[in-house]
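> Residue 59 in this note's numbering sits at position 7 of the sequence shown; the count goes up by one each step and never skips. Before anything else, here's the structure in question.
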Amino acid sequence: MSNCKIMDAAEKELAEQSDKSTKEFELTFNTPEKTEKITLSGSGEVKVSTLV
């Protein structure tokens with residue numbers, strides 16, 4: 053899955069949250085090369101962390 057598709061899915065998921073001011077969630081994607089963690093907050097902040 054490309055990073056663009058991952059971000060699109062994450063943004064869509066955040067948009068579907070009913071109370072954006074208090075919700076936060078994480079998406080974690082594991083591949084043989086790395087692990088990527090995307091954290092979305094209700095304020096619209098997106099953090100992407102790559103773990104090796």
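Using N, Cα and C, we set each Cβ at its ideal position, and we do this for glycine too.
(1) Below 8 Å CB to CB, which residues in the same chain sit around residue 76 once its five sequence neighbours on both sides are set aside?
(2) Ignore the nearest five residues each way along the sequence and tell me which others in residue 101's own chain have a CB closer than 6 Å to its CB.
(3) Grab the span of the alpha helix (DSSP H) containing residue 57 for me, first residue to last.
(4) With C-beta atoms as the reference, is residue 87 less than 7 Å away from residue 103?
(5) The beta strand (DSSP E) with residue 101 in it runs from where to where?
Result, derived from the coordinates:
(1) Closer than 8 Å at Cβ, skipping near neighbours: 91, 92, 93, 94.
(2) Contacts found: 89.
(3) For residue 57, the enclosing alpha helix (DSSP H) covers residues 55–67.
(4) Result yes, Cβ atoms of residue 87 and residue 103 sit closer than 7 Å.
(5) Note, residue 101: beta strand (DSSP E), 98–103.
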